[in-house]
Every structure is written in C-alpha cells, then in structure tokens.
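Here is the structure we will look at, set down as structure tokens.
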Amino acid sequence: MAQTFGNPAGSRQGGFAAIYSAAGSSSSVSGFSRSQFTSLCDAIGQNITAINTSSKQLEKLWKLTGKAKDLRAVQEQIHNINSEANERIENTSRDVKRLQVMLRHGDRQQKLQLERIKSDFQHVLEKYSAQQRRNSKASRQSYNAAVASQRKTASSAETELLQQQRQEQAELEREHNLLIERQRQVEQLEADVVDVNIIMKELSRLIGEQGDVIKWKNLSMNQPLMWRRAVLRLK
C-alpha cells in the first residue's frame with residue numbers, strides 16, 4: 019500500500035480503522051472469521067485515532083495553563099481527557115494482544131500488518147505520554163508560583179494594621195484552600211501519566227511466550243521419528 023503506517027500524520031486522513039481493515043481484506047485468518055479480524059482492526063484503529071485526538075486536546079489545554087483565570091476548570095478538563103484516553107490505551111493494548119494470538123499462524127502479509135498496527139500504537143502512545151508529562155509539569159510550575167506568591171503576600175501582611183490583617187487573613191485562607199485543591203489536581207494529573215515501556219514490554223513478552231510454545235510443539239512432533247531412527251540403527 020502507498021500509506022505509511024508508521025507515521026500517523028499520513029494515516030489520519032483516511033482513519034486508522036479503514037487502513038487496517040483494507041490492508042488485511044484479501045487474506046483469511048486461520049481459526050478466526052474475517053468479521054472477527056475486521057472488527058478487531060476497526061476497534062484498534064478507532065482507539066488509536068481517539069488517543070491521537072486526545073494528545074491534541076491536551077496540547078491546547080497545556081497552552082492555557084498559567085494563563086487561564088480558572089485553572090481549576092482547565093485541570094479538570096485535562097484529568098477527564100487523561101481518564102478517557104488511558105482507558106482507550108488499556109483497551110487497545112488488550113486488543114493488540116488478541117490480534118497477536120489471532121495471527122499466530124498468519125501469513126507474512128498479516129504479520130507485517132500486525133507490526134504496522136503495533137508501530138502506530140507505540141507512536142501515538144509516546145506522543146500522548148509526552149504531552150501528559152508537559153501538562154503535568156506546567157501544572158506543577160503554576161502551582162509552585164502560586165505558593166511563592168501566597169508566601170510573599172503572607173509576609174507583607176504581617177506589617178499591616180490589625181484590621182487589615184484580619185481582612186487579608188480571610189483572603190489568605192481562601193487562597194490556601196484553593197492551593198490545596200490545585201495540589202490535589204496536580205498530583206492527580208501526575209498519577210494519570212502512562213508508562214509506555216511497561217505496555218510495550220508486555221506485548222513483547224507475549225510474542226516471546228508464543229514463540230516458545232510453537233518450538234515446544236515442533237520438538238514434540240519430531241520426537242517419535244527420532245526414536246524410530248535410533249531403533250533401526252541398533253538393529
């Protein structure tokens with residue numbers, strides 16, 4: 019095909035789902051129906067596209083961090099996007115594993131298609147995770163700046179008259195409560211960040227286990243023939 023699967027920018031126009039389905043439409047899948055294969059490719063492609071969209075949304079919100087008047091609302095949006103995208107990543111990882119099992123005895127074209135899907139998934143996953151870290155870092159910096167500003171205000175307030183101190187104390191308490199909430203949101207965003215290496219290592223481990231099973235089966239099938247040859251030599 020003319021499409022470059024390793025580059026999501028070239029895949030977005032037609033959609034990942036359509037590309038994956040078209041790539042495998044000409045050959046059968048051993049032990050599975052064509053509809054199962056197509057449905058799985060569609061689900062993976064749609065999720066990869068959605069994760070890529072989430073990265074763009076996070077980038078827009080990242081540019082607002084430190085500028086928006088209501089940062090709590092911005093951080094809440096970031097967390098909602100993270101939660102939805104993280105769930106899609108979990109589902110996609112599970113579906114890729116299922117596809118690996120499905121194509122365990124597939125032909126060369128099908129295995130190449132599997133590698134393209136995994137490559138696209140990893141590319142989008144790394145982009146999304148990097149944007150998550152940028153958002154998390156920006157939120158932490160904004161929070162630290164707010165803490166420093168509050169401390170400066172608290173220090174200067176000590177030199178004011180008692181009445182003014184009382185008024186400012188109420189404002190400081192309000193700001194302190196806001197900072198506590200912002201700290202919770204920042205820590206929440208930091209906890210949302212996915213680890214690409216763990217996901218990809220899990221996929222690689224599954225491939226290795228499947229290879230060991232196939233080698234063991236081949237050895238078991240060849241053992242009777244090896245014993246017969248040994249008996250003939252003794253005779």
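Each step along the sequence shown adds one to the number in the working numbering, with nothing skipped, and position 216 is 234. Quick reminder that beta carbons are idealized off the backbone N, C-alpha and C, glycines included.
Counting C-beta neighbours from all protein chains within 10 Å, is the total for Glu69 16 or more, i.e. buried, or is it exposed? Note that residue 69 is Ile in the sequence shown here, rather than Glu. With 16 or more Cβ atoms within 10 Å of its Cβ, Ile69 is classed as buried.
Measuring alpha carbon to alpha carbon, tell me which of Ser137, Lys81, Ala166, Glu208 ends up nearest Ser101. Per the Cα distances, Glu208.
Three or more beta-carbon pairs under 8 Å between the segment 201-216 and the segment 142-150, yes or no? Yes, the segment 201-216 is in contact with the segment 142-150.
Looking at C-alpha atoms only, which residue of Gln140, Trp80, Ala166 is the closest neighbour of Ser222? The shortest Cα separation from Ser222 among Gln140, Trp80, Ala166 belongs to Gln140.
By alpha-carbon positions, which one of Lys115, His97, Glu108, Gly84 ends up nearest to Phe55? When each option's Cα is compared against that of Phe55, the closest is Lys115.
Select from Ser160, Tyr161, Glu189 the residue whose C-alpha is nearest the C-alpha of Ala172. Measuring from the Cα of Ala172, the nearest candidate turns out to be Glu189.
Could you check where the alpha helix (DSSP H) with Arg90 kicks off and where it finishes? Per DSSP, Arg90 belongs to the alpha helix (DSSP H) from 89-120.
With C-beta atoms as the reference, is Arg106 less than 9 Å away from Asn162? Not in contact: Arg106 and Asn162 (Cβ atoms no closer than 9 Å).
Run through DSSP, which three-state label would Asp60 get? When secondary structure is reduced to three states using DSSP, Asp60 falls in the helix class.
Stretch pair the segment 73-85 + the segment 114-128: three plus CB contacts closer than 8 Å: No: the two stretches stay apart, fewer than three of their Cβ pairs being nearer than 8 Å.
Can you give me the C-alpha to C-alpha distance between His194 and Val142, rounded to a whole angstrom? Near 38 Å, if we compare the C-alpha coordinates of Val142 and His194.
Specify the secondary structure class of Thr83 as computed by DSSP and reduced to three states. Assigned with DSSP and collapsed to three states, Thr83 falls in coil, not helix or strand.
Please state the DSSP three-state secondary structure of Ser222. Look at Ser222 here: in three-state DSSP terms it is helix.
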